[in-house]
Each structure stands twice: as structure tokens, then as C-alpha cells.
Amino acid sequence: MKEKERILIVDDSPATLEMLERNLTAEGYEVLAASGVAEAIKILDDTPTDLVITDYKMPKTSGMDLIRYVRENLKNTEIMMITGYATVQGAVDAVKAGAEEYLTKPFTDEELYQAVRRALEKLKLRLSVQERTPQNIKSRYGLLGESEPMNQVFNFIEKAASTPATVLITGQSGTGKELVSRAIHYSSKRASAPFVPVNCGGIPETLLESELFGYVKGAFTGALESRAGFFQTADGGTIFLDEVSETSLAMQVKLLRVLQEKEVCLVGSTQPRKVNVRIVAATNKNLLSLVKKGTFREDLYYRLNVIEISLPPLLDRGDDILLLAKHFAQKFSEEVEKPEPRFTDKALELLRNYAWPGNIRELQNVIHSVVVMADSDVIDGPDLPALMRYAGVRGTGLQRTLAEVEAEHIRAVLASVKGNKTRAAEILGIDRKTLRERTKRLDSEQPAS
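Right under this line is the structure:
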């Protein structure tokens, strides 16, 4: 059973204490009560407490003094102030002293519950970062993650590594498809043989065949000597075909032959050569929909999709986001010889709640930039990109189409790198040609002024 969160209420009014205790107990919290600061401090010294809710004005010692005591002595306890004497200065002073929430009497039950939930969520985020650091979390297959979706991925990697079957890795750009393919290879019996990654979308169609299968001397102008292709280089090991959806139908026929016959034919030769290669393919597109459109061969799809590993978007990985952020912060601070930065609660909240359309690649880029540009060893909300800080202000846009969301993200990424298309394409996980085509389409869709 999940342990109840413990809340201490401090108020000199018996009626207020009774009302808060009744309501919060009904919400499932364990509630303690104190009628003054001295009694509250005694309880806090003896009992670990998640949240203190204190009145502002009380006889002898004020709630402000209790806030200072908690902040100075109990780093894993959140504080909320309630008051019937609301002033702007009072709210400012309370927040400066360390109160996470400030409620003015009278307040509704729902206002109370929401404030409590917000305060406890901030505590949960901070504790998550403290407890789940890259050092005390053992990486599996060189991958960091403890979320349920990642545990499923680890399970599939283990099964895929134990068999020579072909693997198809699917997932959005930036989710780590190549890392997973390497994990499969280096956990398999082929680990001592080569692992050869090939970006099918990054090689011009006219060159892809000769790059994959090699060529003999004189096969074409400039072929001054015979050269082995990627399949021969990977013999005995694994070839990783990234963006396999970008291959032409003619190339798909040749790949199908390799899968069926276990042999390749060099460009300019009629003599097939046997190869012992495991194929791991990856795509960020829905291959079945491409099959229906006639742009991807159905027989090749089923040949590739013996084992399918679907990678979760970063948004679905929960607190793994904070674990990865801390990992990248450690890595990049070492590279630039700076102290490892600490994230404030506000920064953690922004990192945890942002949608991360660019997934791990975008997170890595954001943390790298923040570490390099930071003037201190504390990363706060304003240090993070404006795109993240104002995402909530602009609204979730649940009525927007996918094309509108994509267009906004492309423009935002381009703006963040000052129009550098090479850098933007890298963050977005696409090649420059694809980015150029999409920006051209976006420009043509802009309404005339």
C-alpha cells in the first residue's frame, strides 16, 4: 500500500484546526494538529512530515517564524501559509521565507485541496531528483530509465538479443533508436563482431546501393578499385538501417533479397556473395500506412517486423525526464569544467511538464545550452528556453491539428538556433533536405498580408 502523505496543521483557532483536519483526512492524508509554533516544532522534531500548513498571525510566535524554522532545518518538508490578514507584502514575505503556497481566508475546499496537491507535487519532484541520480541508478544496456515503458523496452531488448531474428525499432525522432539497436547487438552473441549503422535517409538514392552492397572496379565512372559495402563490413555482426522508410521501392527489392537469400551482389557484378548479417531496422514513420499507400513493400515490412520494439516518447517516461536531465547536466558540466548545477523546484517543474516534442535529443540540447550559458551553479526557471517557459501560457492547444503543432515546433526550434538549419535539423531528428521541404511548405501556407 502507498504510504499516506503526512500534513501538520498549525492554527490557534480550534474551529479552523477541526475543519482542516476533517477535510484533509477525508482526502486520504494523515493529519497532525498543533495550536501554536512551539507545539508544532516539537511534533516536527519527533515526526517526519511532508507538508506544514500554518496560520500567519498567532499569539507569542508567528507563522513566519515557523516557516523560517522549517526552511532552515527540514529540507524535505514543504510549507503552506494561510491567513485572514492578506496583504501583498505578507504574501511576498511568506514566499521569500520559503512558503510554497499562500492561501487567504476564507477559501473553498477545492482551493485548499489544489494548493496542497501543488505543494506535495513540488516535494515529490525534488525528492525524485535527490533519490534517483545517475550514480545510484544502474543503467541497463547503457540506457538510463526506471519508468514502466522503459522496463518494457529493456524486456524486449533482452529477448531480441537472445535470438538472431530481424528487429524493427519504431518511435519518434530523438527517442534513442540507435542506442537500442546497439544494446541489442552488444548483448547478443554477435557482440565481438562489427556493428555498422547506416542512415538510409542521409545517403542520396543514387549512392545508396553502392554504399550498402559495395562495387567492383570499373562499375561506374570513378570506381577505380573494388570496394566492400556496409553489408560486407558488418559480416558476422549487425547492420542498423535507420530511416528504412526513406528507401525507394527499387532499393526495397534489393533489401528483401538480402533478407531472403542471405547474399548481396556488388554493383557491376553478377556474382552474389553470401553474408552473415543480422538486420536491425528503424523508422519514425508508420510503415503499415506506407504499405497501404504503396510506398513501402508489404513483404519487406513483414520480413523486417519479426520483433518490433516501440520506443516511448519522452513525455510518457515520467520522472525519467529528471533523471536524464541530471545525467546530461553532469556530463556537460564536466566537459566545460564547471561545478555540477542544481535545479530549482521551478526548473524541475518546467522540465517535468514540458511536452518534449524533440524527445531525448531536445532535452540533451536544452541542458547542454543551459550548462554552457549559466552564470551560476543554480538552474532556475528563467534559465530555461522561453519556448518551455511559455508553453503553458500559450495553452495545450488540444483543438489544434498535428500539422499546426509540428509547424509551431519547427519554427520554435529554428528560432532557438537563430535560423541555423543544420543545427535545427539535428535537434528535430530529420535531414536538411526534409527540413528545407517542410519550411518551404510552411512559408507557402502563411496567409498573405
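Counting the sequence shown from 1 gives a position; my numbering is that position plus 190. The beta-carbon is built from N, C-alpha and C at its ideal position, and this holds for glycine as well.
Just to check my reading of the structure: residue i and residue j have Cβ atoms closer than 8 Å, yes? What is that Cβ distance to the nearest angstrom?
{"i": "LEU501", "j": "ILE359", "result": "7 Å"}
{"i": "ARG487", "j": "LEU439", "result": "7 Å"}
{"i": "ILE550", "j": "GLY366", "result": "6 Å"}
{"i": "ILE374", "j": "ILE347", "result": "6 Å"}
{"i": "TYR303", "j": "MET271", "result": "Not a contact, Cβ separation roughly 16 Å."}
{"i": "THR273", "j": "LYS247", "result": "7 Å"}
{"i": "PHE430", "j": "GLU368", "result": "6 Å"}
{"i": "ALA576", "j": "PRO531", "result": "The pair is not a contact, with the Cβ atoms about 19 Å apart (cut-off 8 Å)."}
Count the other CB atoms within 10 Å of the CB of residue i; is the residue buried (16 or more) or exposed (fewer)?
{"i": "ASP240", "result": "buried"}
{"i": "GLU338", "result": "exposed"}
{"i": "LEU541", "result": "buried"}
{"i": "ASP299", "result": "exposed"}
{"i": "SER566", "result": "exposed"}
{"i": "ASN476", "result": "exposed"}
{"i": "LEU334", "result": "buried"}
{"i": "ARG708", "result": "No information on residue 708 is available, as it lies outside the stretch 191 to 639 that the chain covers here."}
{"i": "THR428", "result": "buried"}
{"i": "SER371", "result": "buried"}
{"i": "LYS452", "result": "exposed"}
{"i": "GLY582", "result": "With a pLDDT of 47 at GLY582, under the threshold of 50, the predicted position of this residue should be treated as unreliable, and no value is reported."}
{"i": "ASP245", "result": "buried"}
{"i": "PHE385", "result": "buried"}
{"i": "LEU625", "result": "buried"}
{"i": "ASP235", "result": "exposed"}
{"i": "GLN554", "result": "buried"}
{"i": "ARG584", "result": "Low per-residue confidence applies at ARG584: pLDDT is 41, beneath 50, and the placement is therefore not dependable, though the value from the model is reported in the following sentence. Result: exposed."}
{"i": "PHE420", "result": "buried"}
{"i": "LEU592", "result": "exposed"}
{"i": "THR586", "result": "In this predicted model, THR586 has a pLDDT of only 45, less than 50, meaning its place in the structure is not dependable enough to derive any value."}
{"i": "GLN362", "result": "buried"}
{"i": "GLU268", "result": "buried"}
{"i": "ARG316", "result": "buried"}
{"i": "LYS483", "result": "exposed"}
{"i": "THR254", "result": "A quick correction: the sequence has Met, not Thr, at residue 254. With 16 or more other Cβ atoms within 10 Å, it is buried."}
{"i": "GLY332", "result": "exposed"}
{"i": "ALA289", "result": "buried"}
{"i": "LEU494", "result": "buried"}
{"i": "TYR492", "result": "exposed"}
{"i": "ARG622", "result": "exposed"}
{"i": "GLY609", "result": "exposed"}
{"i": "LEU533", "result": "A small fix is needed here, since residue 533 is Phe in this sequence, not Leu. Classification of PHE533: buried, given that the 10 Å Cβ count is 16 or more."}
Determine the closest residue to residue i out of the options, with distance taken between C-alpha atoms.
{"i": "ALA305", "options": "ILE197, ASN466, SER377", "result": "ILE197"}
{"i": "ARG308", "options": "THR251, ILE243, GLU401", "result": "ILE243"}
{"i": "SER252", "options": "ALA228, TYR491, LEU222, LYS367", "result": "ALA228"}
{"i": "ALA381", "options": "THR267, LYS536, ALA424, ARG628", "result": "ALA424"}
{"i": "LYS250", "options": "GLU208, GLY332, LYS295, ASP202", "result": "ASP202"}
{"i": "VAL568", "options": "ALA537, VAL221, THR396, LEU397", "result": "ALA537"}
{"i": "PRO238", "options": "LEU214, PRO529, GLY218, ASN263", "result": "ASN263"}
{"i": "VAL388", "options": "GLU401, SER377, LEU222", "result": "GLU401"}
{"i": "THR396", "options": "VAL457, LEU369, ARG447", "result": "VAL457"}
{"i": "ALA224", "options": "ILE233, ALA216, GLU217", "result": "ILE233"}
{"i": "CYS390", "options": "GLN461, THR460, LEU445, ILE499", "result": "LEU445"}
{"i": "LYS379", "options": "GLY426, TYR219, GLU268", "result": "GLY426"}
{"i": "ALA519", "options": "VAL560, TYR491, GLU368, LEU494", "result": "VAL560"}
{"i": "LEU604", "options": "ALA597, THR629, ALA614, GLU596", "result": "ALA614"}
{"i": "LYS194", "options": "PRO531, ARG601, GLY218, LEU577", "result": "GLY218"}
{"i": "SER416", "options": "CYS455, LEU369, GLN442", "result": "CYS455"}
{"i": "ALA350", "options": "SER377, GLU220, LEU369, GLU368", "result": "SER377"}
{"i": "HIS443", "options": "LEU490, VAL467, SER479", "result": "The sequence given here places Val at residue 443; His does not occur at that position. It is LEU490 whose Cα lies nearest to the Cα of VAL443."}
{"i": "ALA597", "options": "ARG532, LYS630, LEU574, ALA418", "result": "LYS630"}
{"i": "HIS558", "options": "TYR544, ALA545, LEU574", "result": "LEU574"}
{"i": "SER459", "options": "HIS517, GLU399, LYS516, THR485", "result": "GLU399"}
Please name the residue or residues paired with residue i in a DSSP beta bridge.
{"i": "MET270", "result": "ILE243, GLU291"}
{"i": "PHE533", "result": "ILE569"}
{"i": "GLU498", "result": "LEU358"}
{"i": "ASN389", "result": "ASP432"}
{"i": "TYR405", "result": "ARG417, VAL457"}
{"i": "GLU627", "result": "DSSP lists no partner for GLU627."}
{"i": "ARG330", "result": "LEU333"}
{"i": "VAL470", "result": "VAL357, PHE430"}
{"i": "LEU198", "result": "LEU222, VAL242"}
{"i": "ARG507", "result": "ARG507 is not bridged to any residue."}
{"i": "ARG463", "result": "VAL454"}
Does the ligand PLP have even one heavy atom less than 7 Å from the beta-carbon of residue i?
{"i": "THR624", "result": "In the structure on display, the ligand PLP does not appear, and there are no ligands present to speak of."}
Against chain C, does residue i count as a neighbour if the rule is that its beta carbon must be under 8 Å from one of theirs?
{"i": "ALA216", "result": "Absent from the structure: chain C. Only one protein chain is present."}
Practice item. Evaluate contact between the segment 430 to 446 and the segment 462 to 482, counting only Cβ atoms and requiring at least three cross-stretch pairs below 8 Å. Key: yes
Review point. Between the segment 345 to 356 and the segment 505 to 522, do three or more beta carbon pairs fall short of 8 Å?
Key: They do not touch, by the three-pair rule.
Review point. Between the segment 522 to 540 and the segment 339 to 347, are three or more C-beta pairs nearer than 8 Å?
Key: no
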